[in-house]
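According to my numbering, the sequence shown is numbered sequentially starting from 7.
Glycine included, C-beta positions come from ideal geometry on N, C-alpha and C.
A short write-up of the structure that comes next.
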Amino acid sequence: MINFIQQEIENDLKEGKYKNGILTRFPPEPNGYLHIGHAKSVCLNFGLAIYNQGLCNLRFDDTNPTKEDVEYVDSIQEDIKWLGFDWGDRKFFASDYFGKFYDYAVELIKRGLAYVDDLSAEEIKAYRGTLTEPGKESPCRNRTIEENLDLFARMKAGEFADGEKVLRAKIDMSSPNINMRDPVIYRITRTTHHHTGDDWLIYPMYDFAHPLEDAIEGISHSVCTLEFEDHRPFYDWLLDSLGFDVNNRPRQIEFARLDLTNTITSKRKLRQLVEEKHVRGWDDPRMPTLSGMRRRGFTPAAIRDFCERIGVAKSNSLVDVAMLEHCVREDLNSNADRVMAVLNPLKVVLTNVEENKTEYLVAQNHPARSATRYVPFTREIYIERDDFMEDAPKKFFRLKPGGEVRLMYAYIIKCEEVIKDAEGNITELHCTIDPTSKSGGATAGRKIKGTIHWVSAQHALKAEVRLYDYLLTTDEKGNLPEDFIGALNPQSLIVIENALIEPTVRWMAAGTHFQFLRLGYFVIDPDTTPEKLVFNRVVSLKDTWQKVKD
Ligand code: ATP
Ligand code: MG
7 MINFIQQEIE NDLKEGKYKN GILTRFPPEP NGYLHIGHAK SVCLNFGLAI
57 YNQGLCNLRF DDTNPTKEDV EYVDSIQEDI KWLGFDWGDR KFFASDYFGK
107 FYDYAVELIK RGLAYVDDLS AEEIKAYRGT LTEPGKESPC RNRTIEENLD
157 LFARMKAGEF ADGEKVLRAK IDMSSPNINM RDPVIYRITR TTHHHTGDDW
207 LIYPMYDFAH PLEDAIEGIS HSVCTLEFED HRPFYDWLLD SLGFDVNNRP
257 RQIEFARLDL TNTITSKRKL RQLVEEKHVR GWDDPRMPTL SGMRRRGFTP
307 AAIRDFCERI GVAKSNSLVD VAMLEHCVRE DLNSNADRVM AVLNPLKVVL
357 TNVEENKTEY LVAQNHPARS ATRYVPFTRE IYIERDDFME DAPKKFFRLK
407 PGGEVRLMYA YIIKCEEVIK DAEGNITELH CTIDPTSKSG GATAGRKIKG
457 TIHWVSAQHA LKAEVRLYDY LLTTDEKGNL PEDFIGALNP QSLIVIENAL
507 IEPTVRWMAA GTHFQFLRLG YFVIDPDTTP EKLVFNRVVS LKDTWQKVKD
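What follows is the structure, given as C-alpha cells:
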C-alpha cells in the first residue's frame with residue numbers, strides 16, 4: 007500500500023498528529039448498488055486502515071430520502087463483505103445524527119452564520135452568479151438571529167410547504183468559489199426516510215452533513231474523489247465556525263476516481279439501465295456492479311488485485327478494462343479446474359470403437375495440481391464444429407477429411423467420411439481411432455499437430471451457456487458515447503441453448519469456476535436447477551491486456 011495518501015498519513019503520524027490512530031470510512035449513499043469505482047474506494051479505505059493498524063467505518067450517507075432505499079443498504083453490505091472486508095461493529099448511519107445536525111444548524115444561526123431564505127430554488131440559482139460574475143444577496147439574508155431561530159424551528163415543525171423555505175449558510179456571495187456563496191444547508195421535503203421514517207420533514211444537504219459525519223465519528227483521514235476539492239473550503243469553514251479543534255479534525259485527501267473504458271460508472275445511468283429493463287437487474291452479469299461482476303464470475307481476489315495495481319493518483323485518467331479482465335484471468339488460471347465443453351457440437355462416430363462400451367480416461371484437473379478425474383469415452387462423441395473443416399487450408403491443424411487429430415486425454419482419430427444431409431450440411435463425421443495412441447500410453451508420443459476437446463455423446467450434460475460482450479459499443483479508445491442508451495450493444499448477450507459439458511460439473515454449486523479447455527473461463531449461474539445447467543462466460547482465454555502492455 008504505497009501511494010501518496012499513505013505517504014500523507016505517514017507524514018501526519020511523524021508530526022505527531024492523530025494520536026488516537028488512523029480511522030477511515032467508506033461512506034456510500036444507499037441510492038444504488040456498488041460498482042467497480044466504489045470497489046476502488048472500499049479497497050483504499052479499508053486498505054489504509056489495515057496498513058496502519060487502524061479502523062474503517064462503514065457509514066451510510068443517507069441524507070437524501072427521495073432516492074434512497076433499504077434494498078441498497080442491504081446490497082452494499084453484502085457486496086463489501088463479498089469483496090473481503092468487514093467493518094465489525096462500526097456500521098453507522100448519517101441519519102442517526104439528524105438530531106446533532108439540527109443542533110449544529112441552530113448553533114450556526116445563533117452565531118449569525120446561517121439564515122432562513124424564502125427564495126425559490128430557481129431564484130437561488132439565478133442569484134448565485136457565475137464563475138465570472140459575483141452572486142447577489144438574498145433579501146432574506148439580513149434576518150435577525152431571533153427571526154431565523156423561529157423560522158427554522160417552524161420549518162422543522164412542518165409549518166411550511168416543501169421547498170417554501172431553506173436554511174443557508176451565510177458566507178460570501180462574491181466568493182470566487184461558488185460553493186461558498188451561501189450554500190443551502192437544510193431543505194424541507196415530506197419524504198419518508200428508510201431509516202428514520204417520518205421523524206423529519208427537513209433534511210440536511212450533503213455538503214453540510216458530510217464533514218460533520220466525519221467529525222462526529224472522529225475520522226482521521228477523509229478520503230474522497232477529486233470533485234470534492236472545491237468543496238473543502240466550505241467544509242473547513244463549517245468546522246471552524248462550529249469550533250472544531252483545528253489540530254484534530256478529519257483531514258480530507260482527494261484522489262482520482264476510477265474511470266474504465268467500455269464501462270459505466272455513474273449510478274444514475276446504471277439505475278436507468280435497470281429501471282428501463284435494458285438489463286435483467288443490478289446483478290446482470292454485464293453490469294459493472296459488484297453484484298453483476300460476482301454473477302459474471304469475477305472473483306473478489308481479482309478485483310482487489312486490480313484495485314491495487316491501478317494505484318491511487320491525483321489526476322483523472324481512463325483505465326483499460328482489459329486490465330481488470332487480465333486480473334480475473336490470472337486468478338482463474340491459477341484456481342479454476344479444467345473441464346471439456348463443446349459449445350457448437352458436431353457429432354463424430356468412432357467406427358472402430360465398440361457400441362455400448364464406456365472407457366474411463368484419466369484427466370488432470372489443473373496443470374499445477376495432482377488431482378485427476380475420469381472422463382468417459384464412447385463410440386459417439388461431439389467435437390466443436392469449428393474444429394473440423396472440409397476444405398482446410400494447409401495450416402489448419404485440426405480435423406479435415408483424411409486428416410488426424412488428437413482427442414485430449416484420449417486417442418488420435420482419423421476422419422474417414424463426412425456425412426451430409428440433403429441440403430449439403432455436415433451432420434456427422436465417421437472417424438477411426440488409433441488404439442495404440444492412447445494418451446499416456448506407449449505410442450502416445452506419435453507426433454500430431456492438433457489436439458481438440460470433445461465430450462461423450464452418451465454422458466455429456468446439456469447446458470445453457472451465456473456469452474457476454476460489453477454493454478455499450480464505444481469508439482476504439484473505449485470512450486462512452488453521450489447517448490448511452492442509443493449505444494447499447496445488441497450482441498452483449500448471446501445465449502447458447504444446447505452446449506454439452508463433460509459430466510464432472512454435475513453437483514457443483516452456482517459460483518463454481520471452470521476453464522472450458524480452449525474456450526475460456528466459465529462459472530455456474532444461480533439460474534441453474536436440477537433440470538438445467540446454466541453457465542456464464544467470465545472471460546475468454548485471449549488476454550488483450552498483455553498485448554496492450556507489450
Ligand atoms: P453519487 O453521484 O450518488 O454521489 P457516487 O458514485 O459518488 O454517486 P457514493 O455512494 O457517494 O456514490 O460513493 C461512495 C464512495 O465511493 C464515495 O467516497 C465516492 O467518492 C467513492 N466513489 C464513487 N465512485 C467512484 C469511482 N468511480 N472511483 C473511485 N471512488 C468512487
Ligand atoms: Mg457521492
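Taking a cut-off of 8 angstroms for Cβ pairs, the segment 193-200 and the segment 175-183 do not touch, as fewer than three such pairs fall below it.
Residue pairing by DSSP puts residue 421 in a beta bridge opposite 437.
Apart from the 5 residues on each side of it in sequence, residue 294 sits with its Cβ closer than 6 angstroms to the Cβ of 41, 42 and 269 in its chain, given in chain order. In the three-state scheme derived from DSSP, where H, G and I count as helix and E and B as strand, residue 378 is classed as strand.
Secondary structure in the segment 17-85: the alpha helix (DSSP H) runs of 4 residues or longer, each lying completely within the stretch, are 42-57 in chain order.
Annotated three-state conformation of residue 343 is strand, per DSSP. In this structure, residue 436 lies near residue 357, with their beta-carbon atoms less than 7 angstroms apart.
In the DSSP assignment, residue 272 forms no beta bridge with any residue. The criterion of a C-beta distance shorter than 7 angstroms is satisfied by residue 457 and residue 414.
For the pair residue 49 and residue 55, the CB atoms are not nearer than the 7 angstroms cut-off. Not one heavy atom of the ligand ATP sits closer than 6 angstroms to the Cβ of residue 382. Between the ligand ATP and the CB of residue 43, the shortest heavy atom gap is smaller than 6 angstroms. A direct Cα-to-Cα measurement between residue 136 and residue 184 gives close to 8 angstroms. With the rule of 3 Cβ pairs closer than 8 angstroms, the segment 468-475 counts as touching the segment 493-504. CA-CA distance, residue 492 to residue 111, rounds to 45 angstroms.
Checking the DSSP bridge columns, you'll see residue 123 partnered with 172. Runs of alpha helix (DSSP H) with 4 or more residues, each lying fully within the segment 125-211, are found at 127-133 and 151-163, listed in chain order.
Cβ contact annotation for residue 225 (same chain, cutoff 6 angstroms, sequence separation greater than five): 29, 31 and 256, in chain order.
Taking 7 angstroms as the cut-off, the beta carbon of residue 79 is found no closer than this to the beta carbon of residue 145.
Of the residues assessed, residue 206 falls on the buried side of the cut-off, its CB having 16 or more other CB atoms within 10 angstroms. By the CB criterion at 7 angstroms, residue 367 and residue 527 fall outside the cutoff. Within 6 angstroms of the C-beta of residue 539 there is not a single heavy atom belonging to the ligand ATP.
Taking 7 angstroms as the cut-off, the Cβ atoms of residue 237 and residue 220 do not count as close. In the displayed model, residue 280 falls within a helix according to three-state DSSP. Residue 399 carries a coil assignment under DSSP once its states are collapsed to helix, strand and coil.
Residue 421 has its Cβ no nearer than 6 angstroms to any heavy atom of the ligand ATP. Per DSSP, residue 351 lies in no alpha helix (DSSP H) segment; the continuous beta strand (DSSP E) that holds it begins and ends at 351-356. For residue 505, the enclosing beta strand (DSSP E) begins and ends at 499-507. If you look at residue 265, you'll find it in the beta strand (DSSP E) that goes 264-266. With fewer than 16 other CB atoms across the displayed protein chains lying within 10 angstroms of its CB, residue 252 is exposed. The residue among 58, 524 and 425 with its C-alpha nearest the C-alpha of residue 460 is 524. Using a 10 angstroms sphere on the CB of residue 90, the tally of other CB atoms stays under 16, which defines it as exposed. Within the segment 281-326, the runs of alpha helix (DSSP H) at least 4 residues long that lie entirely inside it are, in chain order, 296-302 and 306-316. Non-local C-beta neighbours of residue 486 in its own chain, meaning closer than 7 angstroms and more than five positions away in sequence, comprise 270, 478 and 480, ordered along the chain. DSSP lists 381 as the bridge partner or partners of residue 367. Not one heavy atom of the ligand ATP falls within 6 angstroms of the beta-carbon of residue 101.
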